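Undergrad: Under full-length UniProt numbering, the first residue of the sequence shown is numbered 1, with each subsequent residue one higher. Note that CB positions come from ideal geometry on N, CA and C, so glycine has one too. All values reported here derive from a predicted model rather than from experimental measurement.
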Amino acid sequence: MMGTPRDKGIIPRLCEMLFKEVGRNSSDNHKFKVEVSYMEIYNERVRDLLPRDKTPAATRPGTPTKLASSAITRRADSIFRDAPNSKFAKNYRIREHPITGPYVENLSVYTVRNEQEMLKLMETGNAERTTAATDMNDTSSRSHAVFTIVLSQTKFEEDLNLTNEIVSKISLVDLAGSERVKVSNTSGDRLREGANINKSLTTLGLVIKALVERSHQTHIDHVTSDTASMKSAVKKDVFVPYRDSVLTWLLRDSLGGNSKTIMLATVSPASVHAEETLSTLRFAQRARNIINIVSVNENPSARLIRDLKQEVTRLQTLLQTQQTPQMPSAVDEDGFSILQDRLD
């Protein structure tokens, strides 16, 4: 994912492309803001991987940060860790916003201005991730990690005479691999960590299976019926167990919400890992069959005004077309006599 300095991975290339597009499209009427956060899910608990300062902010989670004089600014809350250098000093609770969905309360969020700042924060978080040695891997990840990028666009639309805001979120998720106790030869804390990893991955598989079933039934319903009531009835019949795991609950929007999801499956050519390889490939194959309906996350008022203006334009064009007299290009004598009789 990270690659090397000579051969960049997916994440550095994504950061480079993101800020290249931001620089190309930025103007006085079109402004961008990029915010990032980094967390891990360790033993079904959320841990913040980025350091926190002791400057309380007056803004609540979800509100824009104010740019300071430093290159990297941040948003924080009035609750701080007892030990700033220990990522296990505080547990973070998951809340649900009625519009934006699940989020981690009081998670630190940084505002970055270029790709170097973003990659530096990612390296800082990677150094804080929980790893341990097993018989399968000397530096085995003992947690799932989620690096979130929030891109906010503020654009003044002259034709509507208002400012529209569009928000996009990119979640880069690094899933820990499933483990078999006989192969990894773990015990104690490592055994408990592996059990929680397998539990979350099993729940993720069940969620993907339910979403595939719901997508399939919804597609059949679109083909067989056009009534909205039947569509909603079909969706209610399929229960998706998002809340059975912290991982699936946080990734609810990424899996079955207003999103486009890409899954990269890494497999091993070794024969001793044949069972894990087949399981991973089946896992990715099921994820391919999920169908989401995507829409732009923009200001509802701006969207409504735009739709209304388009409708007014369409109606005005239709009215002008109906009012324009349409004379026949060529009328013979019999046709002219018929028209004259109708006029009389």
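Go through its chain and collect everything with a Cβ distance to residue 29's Cβ below 6 angstroms, but skip five positions before and after it.
TA: What you label residue 29 is simply residue 29 of the sequence shown in a count that begins at 1. If we look at residue 29 and ignore the five residues flanking it on each side, its Cβ neighbours are 156.
Undergrad: Can we say the stretch 302–311 touches the stretch 149–168, given the rule of at least three CB pairs closer than 8 angstroms?
TA: yes
Undergrad: Helix, strand or coil, according to DSSP, for residue 188 in the structure here?
TA: Counting from one through the sequence shown, the residue named residue 188 turns up at place 188. Note: residue 188 maps to coil in three-state DSSP.
Undergrad: Determine, using beta carbons only, whether residue 44 and residue 181 come nearer to each other than 8 angstroms.
TA: One-based indexing of the sequence shown puts residue 44 at position 44. One-based indexing of the sequence shown puts residue 181 at position 181. Going by C-beta atoms, residue 44 is not nearer than 8 angstroms to residue 181.
Undergrad: Nearest by alpha-carbon distance to residue 145: which of 211, 176, 115 is it?
TA: One-based indexing of the sequence shown puts residue 145 at position 145. Per the Cα distances, 176.
Undergrad: Please report the straight-line C-alpha distance between residue 192 and residue 23, rounded to a whole angstrom.
TA: Taking the first residue of the sequence shown as 1, we reach residue 192 at position 192. Taking the first residue of the sequence shown as 1, we reach residue 23 at position 23. Each residue's Cα considered, the two are about 46 angstroms apart.
Undergrad: Is the stretch 99–108 touching the stretch 8–18 in the sense that three or more CB pairs, one from each, lie closer than 8 angstroms?
TA: Three or more beta-carbon pairs separated by less than 8 angstroms are not found between the stretch 8–18 and the stretch 99–108, which leaves the two stretches without contact.
Undergrad: With DSSP run on the structure shown, which of helix, strand or coil describes residue 39?
TA: Position 39 of the sequence shown, counted from the first residue, corresponds to residue 39. Three-state DSSP puts residue 39 in a strand.
Undergrad: Report yes or no: is there a C-beta of chain D within less than 8 angstroms of the C-beta of residue 100?
TA: Among the chains in the structure shown there is no chain D, since it carries only a single protein chain.
Undergrad: Would you kindly report the start and end of the unbroken alpha helix (DSSP H) that includes residue 279?
TA: Along the sequence shown, read from residue 1 onward, the residue named residue 279 stands at position 279. Run containing residue 279: 274–288, per the alpha helix (DSSP H) assignment.
Undergrad: Apart from the five residues just before and just after residue 268, which ones in its own chain have a Cβ nearer than 8 angstroms to its Cβ?
TA: For the purposes of this step, residue 268 is taken as the residue at position 268 of the sequence shown. Result list for residue 268: 276, 277, in chain order.
Undergrad: For residue 93, I'd like the list of residues in its chain whose CB is within less than 7 angstroms of its CB, leaving aside the five on either flank, ordered along the chain.
TA: By 1-based counting over the sequence shown, the position of residue 93 is 93. Excluding residues within five positions, the ones whose Cβ falls inside 7 angstroms are 105.
Undergrad: Between which two residues does the beta strand (DSSP E) containing residue 149 stretch?
TA: Translated into the one-based positions of the sequence shown, residue 149 becomes position 149. Residue 149: member of the beta strand (DSSP E) spanning 144–157, first to last residue.
Undergrad: So what does residue 32 bridge to, in DSSP terms?
TA: Position 32 of the sequence shown, counted from the first residue, corresponds to residue 32. Residue 32 has 153 as its beta-bridge partners, per DSSP.
Undergrad: Does the beta-carbon of residue 5 have 16 or more other beta-carbons within 10 angstroms, so that it is buried, or is it exposed?
TA: For the purposes of this step, residue 5 is identified with residue 5 of the sequence shown, where counting begins at 1. Exposed, by the Cβ-count rule.
Undergrad: So for residue 126, helix, strand or coil by DSSP?
TA: Position 126 of the sequence shown, counted from the start, is the residue given in the question as residue 126. In the structure shown, residue 126 sits in a helix (DSSP, three-state: H, G or I).
Undergrad: From residue 81 to residue 42, what distance separates their C-alpha atoms?
TA: Residue numbering aside, residue 81 sits at position 81 when the sequence shown is read from its first letter. Residue numbering aside, residue 42 sits at position 42 when the sequence shown is read from its first letter. Bear in mind that the predicted position of residue 81 carries a pLDDT of just 35, short of 50, making it unreliable; the figure below should be weighed with that in mind. Taking the straight line joining both Cα atoms gives about 17 angstroms.
Undergrad: Kindly give me the distance between the Cβ atoms of residue 256 and residue 198, rounded to whole angstroms, as I take these residues to be in contact under 8 angstroms.
TA: Here residue 256 refers to the residue found at position 256 when the sequence shown is read from its first residue. Here residue 198 refers to the residue found at position 198 when the sequence shown is read from its first residue. Rounded, the Cβ-Cβ distance is 22 angstroms, inconsistent with contact.
Undergrad: Whose C-alpha, out of 110, 204, 209, is nearest the C-alpha of residue 51?
TA: As a first step, residue 51 is located in the sequence shown; it is residue number 51 there, counting from the start. Of 110, 204, 209, the residue nearest in Cα terms is 110.
Undergrad: By alpha-carbon positions, which one of 196, 172, 273, 240 ends up nearest to residue 9?
TA: The residue you call residue 9 lines up with position 9 of the sequence shown. For the residues 196, 172, 273, 240, the minimum Cα distance to residue 9 belongs to 172.
Undergrad: I'd like the span of the alpha helix (DSSP H) that includes residue 23, first residue to last.
TA: Along the sequence shown, one-based indexing puts residue 23 at 23. Looking at the DSSP string, the run of the alpha helix (DSSP H) that includes residue 23 is 10–25.
Undergrad: Taking the alpha-carbon positions, what's the residue 289 to residue 195 distance?
TA: Counting from 1 along the sequence shown, the entry for residue 289 is found at position 289. Counting from 1 along the sequence shown, the entry for residue 195 is found at position 195. Their Cα atoms are separated by approximately 28 angstroms.
Undergrad: I need the DSSP call for residue 260, collapsed to helix, strand or coil.
TA: Position 260 of the sequence shown, counting from 1, holds the residue named residue 260. Coil, per DSSP.
Undergrad: In chain order, what residues of the same chain have a beta carbon less than 7 angstroms from the beta carbon of residue 164, not counting five sequence neighbours either side?
TA: The residue given as residue 164 occupies position 164 in the sequence shown. Excluding positions up to five away in sequence, the list reads 155, 157, 298, 299, 302.
Undergrad: Check residue 303 in the structure and name its three-state DSSP category.
TA: Residue mapping note: residue 303 aligns to position 303 of the sequence shown, counting from 1. It is helical.
Undergrad: Nearest to residue 259 by alpha carbon, out of 153, 140, 167?
TA: Your numbering for residue 259 matches position 259 in the sequence shown. Checking every option, the nearest Cα to that of residue 259 belongs to 167.
Undergrad: Between residue 19 and residue 35, what straight-line distance do the alpha-carbon atoms span, to the nearest angstrom?
TA: Reading the sequence shown from its first residue, position 19 is the one you call residue 19. Reading the sequence shown from its first residue, position 35 is the one you call residue 35. Roughly 12 angstroms separates the two Cα atoms.
Undergrad: Could you give the DSSP three-state label for residue 253: helix, strand or coil?
TA: If you number the sequence shown from 1, residue 253 lands on position 253. Of the three classes helix, strand and coil, the one that applies to residue 253 here is helix, per DSSP.
Undergrad: Within the same chain, show all residues whose beta-carbon is closer than 6 angstroms to that of residue 179, passing over the 5 residues directly before and after it, in chain order.
TA: As a working mapping, residue 179 is identified with position 179 in the sequence shown. Excluding sequence positions up to five before and after residue 179, its CB lies within less than 6 angstroms of the CB of 194, all in the same chain and listed in chain order.
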